[in-house]
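Numbering (our numbering), first residue to last: 4 to 283.
Here the structure comes first, spelled out in structure tokens, and everything after it is commentary.
Okay, structure coming up:
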């Protein structure tokens with residue numbers, strides 16, 4: 004279970020990744036987060052040092068011993084004023100903690116309510132744009148290696164490599180933001196627990212000859228290097244439809260492939276229980 008602090012940290016990361024990811028977030032989410040930041044920045048007073056009557060009495064004795072007059076009311080006023088100020092500071096500190104907590108809760112609720120919107124309307128268009136741009140640059144490579152020496156490569160290849168590296172950074176920021184949104188909203192997939200459909204809408208397109216059954220769906224060989232992965236998405240994996248789904252869409256894609264078999268298994272189990280009961 005994600006804590007309140009964990010949700011707010013996840014939202015902060017989503018906002019921080021905007022510049023690199025090239026996406027815009029809903030205005031109400033940004034306003035709620037801004038209010039939380041302003042709440043955290045409220046100046047909190049420090050508790051004053053208190054003067055105990057016993058300490059004050061010792062000081063008065065010293066004054067009398069040195070021939071000075073003493074003013075009991077003035078000394079008492081200093082003591083009680085410090086005590087009053089300390090009580091005010093205690094209340095102010097309590098108010099600060101309550102305000103930050105409640106603004107944080109409100110900020111989390113706004114972000115949770117907008118989770119699907121952030122994925123589908125903020126992150127996804129930026130993700131699609133990255134793939135569109137990468138497709139053109141990948142074509143310019145003309146089969147040139149991504150990790151080979153670049154000093155002697157044609158200018159268009161060097162440019163394509165540079166652009167693909169920047170796009171890979173954007174893609175990583177966008178995909179990380181999606182995971183943070185899912186974390187803050189606690190949207191764990193119900194069906195696609197193996198996350199087969201988190202990166203590709205139709206991963207089965209990369210597994211010719213496979214069909215739903217006892218044998219698990221083969222996992223595609225996704226390159227670990229970010230730039231290689233991006234090129235893979237717009238070339239090898241293109242028939243499998245790379246996408247950036249909400250959790251509900253991810254589950255729906257799983258159900259399109261495995262749902263019929265799952266329903267058949269459940270129906271068979273119900274029938275078996277019914278038959279077992281009838282035979283008793």
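Quick reminder that beta carbons are idealized off the backbone N, C-alpha and C, glycines included.
Source: prediction; values computed, not measured.
For residue 245, the three-state secondary structure derived from DSSP is strand. In the three-state reduction of the DSSP assignment, residue 149 falls in the coil class. The alpha helix (DSSP H) runs lying completely inside the segment 29-59 and spanning 4 residues or more are 30-43, given in chain order. Contact between residue 167 and residue 133 is absent: CB atoms are separated by about 10 Å, not below the 8 Å threshold. With respect to residue 108, residue 7 sits close: the two C-beta atoms are nearer than 8 Å.
Taking a contact to require three or more Cβ pairs closer than 8 Å, the segment 118-126 and the segment 21-36 qualify as touching.
Within its own chain, the residues whose Cβ lies closer than 8 Å to the Cβ of residue 235, once the five positions on either side in sequence are excluded, are 225, 226, listed in chain order. In the structure shown, the three-state DSSP call for residue 170 is helix. By the C-beta density criterion, residue 112 is exposed, having fewer than 16 other C-beta atoms within 10 angstroms.
Here DSSP, grouped into helix, strand and coil, assigns residue 101 to helix.
A residue is called buried once 16 or more other Cβ atoms fall within 10 Å of its Cβ, and residue 220 is buried on that count.
The way I'd put it, the segment 204-213 does touch the segment 233-248; three or more beta-carbon pairs between them come closer than 8 Å.
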